[in-house]
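A short worksheet on the structure shown next.
Right, dumping it as structure tokens:
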């Protein structure tokens, strides 16, 4: 009998302990979620945001819709995120230009990416590239350098926006190598790439994905990738470093919530984002626009912002840029 009573006590204790061993249920998302995008509908950032939204919607169990607030390099969307209640109903997909470059180049951006946003996670990163027009006859990066040295007036290189990473990196390259290169700013990569394909400018620098279709069609020639390694989509094209020039240009996209959003919700969104980035369809469609998914913790995005603010501040200052 004593052994039977002892067994009952052991079983009762085990049953009471079970709830402690079961992980806490994921917090419920309070309602429909909107993802703000500060760039035009149909653009690369918008396409990636919609891919992520579609997958996260199924995991979160609530509608997730993309809301476009295009303009001012993503400032409108960033300002709207700052004003939004930290209740899990508003997120933002934004690139490095919004989170890093705008705060360093604009006098009053209306937000501080370090204090006004709660990082949810990295979405993807992607490399830049340098391309030339077919009409220029330029074959590779050393050939381009020789061309602008022989014809200084032809040293204008198209960039997708004034006060952007390509402009500042091009300026740094020109100063370090004593080259007659100068940025020709456009209002977006589309008109710049069209002018390059049409032979109106000799060279341009922007995200590799913006050049890819025209390169494959023979309307322009990518002569260097500006990332750490060659692109799997253009394996024959060397990096700028391989060609002997210190031109390094990477871009990225992240997912943000308003500062003050409860950590359980941040963790819930991060888990849904990482799950979405592992879906084969998402990875395939991102690869088509030369994006590399980057699942990981919120801290990875936070560290990326901090390191790039530190990296780009002296580069921008050395360029003589005046905050506008």
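Residue numbers (this note's numbering): 53 to 376.
We put the beta carbon where it would ideally sit given N, CA and C, even for glycine.
Predicted model only: the values in this text are computed from it and were never measured.
| Query | Result |
| --- | --- |
| Around the C-beta of residue 161, are 16 or more other C-beta atoms found within 10 angstroms, so that it is buried, or is it exposed? | buried |
| What are the start and end residues of the alpha helix (DSSP H) that includes residue 265? | 260-268 |
| Using the C-alpha atoms, what's the distance from residue 209 back to residue 184? | 9 Å |
| Please report how far the alpha carbon of residue 94 lies from the alpha carbon of residue 120, in whole angstroms. | 10 Å |
| In the DSSP assignment, what are the bridge partners of residue 178? | 303 |
| My output table needs one value for residue 117: the three-state DSSP class, helix, strand or coil. | strand |
| Mark residue 149 as exposed unless 16 or more other C-beta atoms lie within 10 angstroms of its C-beta, in which case mark it buried. | buried |
| Start and end of the alpha helix (DSSP H) containing residue 291? | Per DSSP, residue 291 belongs to no alpha helix (DSSP H) and is neither H nor E. |
| Short check: CB of residue 175 to CB of residue 305, under 8 Å? | yes |
| Taking the alpha carbon of residue 166 as the reference point, which residue from 350, 338 and 249 has its own alpha carbon closest? | 350 |
| Under 7 Å from any heavy atom of the ligand COA, does the C-beta of residue 319 make it? | The ligand COA is not among the ligands present in this structure, which contains no ligands whatsoever. |
| Quick one: give me the first and last residue of the beta strand (DSSP E) that residue 368 is part of. | Not the beta strand (DSSP E): residue 368 falls in the alpha helix (DSSP H), residues 350-370. |
| Quick check on the burial criterion: 16 or more other C-beta atoms within 10 angstroms. Buried or exposed for residue 374? | exposed |
| What's the gap between the Cα of residue 329 and the Cα of residue 322? | 11 Å |
| Closer than 6 Å by C-beta to residue 207: which residues in its own chain qualify, once you throw out the five before and the five after it? Chain order, please. | 200, 232, 233 and 234 |
| If we require 4 or more residues per run, which alpha helix (DSSP H) segments fall completely within the segment 104-162? | 127-135 and 154-157 |
| My output table needs one value for residue 375: the three-state DSSP class, helix, strand or coil. | coil |
| Can you have a look at residue 333 and say buried or exposed, based on whether 16 or more other CB atoms are within 10 angstroms of its CB? | exposed |
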